[in-house]
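In our numbering, the protein residues as written are 264 to 433.
In structure tokens:
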């Protein structure tokens, strides 16, 4: 054997390190994005709460169309269900922690991420159903005049959103 061949045979072989797969890079990017979103929500909530007091309970685009009295009635109805709402918020926080753990798990398990996201979807669906039920009860209890005025305010708000933000056309 020649000297160069012998030195090559004796030289320690270096392990080839394979670059992380695309799935891992995507999971890391999602994890970073979620961490930033959660941190931003907490920071924003903390700063806003100290500037203006506690955040008002929201009903999406309906907020602007509701009269002050209607918002007050909805808030009262929601507060009556507060124990269940408090529990839902705690469970949502646990869902977020579970998602972060699933995203960081090695090996990464897409089925676990799907299971956590499904739990989140079910919880959000339940909260939406509560809000829709309260809103429906309020609308049914309105006089025809109050309902028409609500519809006019809602339409005006939605049209304003279209002009300002390019939102959906009513």
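All residues carry an ideal CB built from backbone N, CA and C; glycine is no exception.
Asked: What residue range does the alpha helix (DSSP H) around residue 368 cover?; Found: Counting along the chain, residue 368 falls outside any alpha helix (DSSP H), and DSSP gives it neither H nor E.
Asked: Work out the CA separation of residue 337 and residue 404 for me, nearest whole Å.; Found: 12 Å
Asked: With H, G and I counted as helix, E and B as strand and the rest as coil, what does DSSP make of residue 322?; Found: coil
Asked: Are the beta-carbon atoms of residue 357 and residue 365 separated by less than 9 Å?; Found: no
Asked: Is the Cβ-Cβ distance between residue 386 and residue 351 less than 9 Å?; Found: yes
Asked: How big is the Cα-Cα spacing for residue 354 and residue 409?; Found: 37 Å
Asked: Which residues bound the alpha helix (DSSP H) around residue 344?; Found: First-last for residue 344: undefined, no H or E at that position.
Asked: Going by C-alpha to C-alpha distance, which of 421, 377 and 339 sits closest to residue 359?; Found: 377
Asked: Write down the C-beta distance between residue 325 and residue 417 rounded to the nearest angstrom, noting that I regard them as a contact closer than 8 Å.; Found: 7 Å
Asked: Assign residue 379 to one of two classes, buried (16 or more other C-beta atoms within 10 Å of its C-beta) or exposed (fewer than that).; Found: buried
Asked: Would you decide whether residue 333 is buried or exposed? Buried here means 16 or more other CB atoms lie within 10 Å of its CB.; Found: buried
Asked: To the nearest angstrom, how far is it from the Cα of residue 407 to the Cα of residue 346?; Found: 33 Å
Asked: Looking only at its own chain, which residues have a Cβ that is under 7 Å from the Cβ of residue 382, when we skip the five neighbours before and after it?; Found: 358
Asked: Going by beta-carbon coordinates alone, are residue 344 and residue 393 separated by less than 9 Å?; Found: yes
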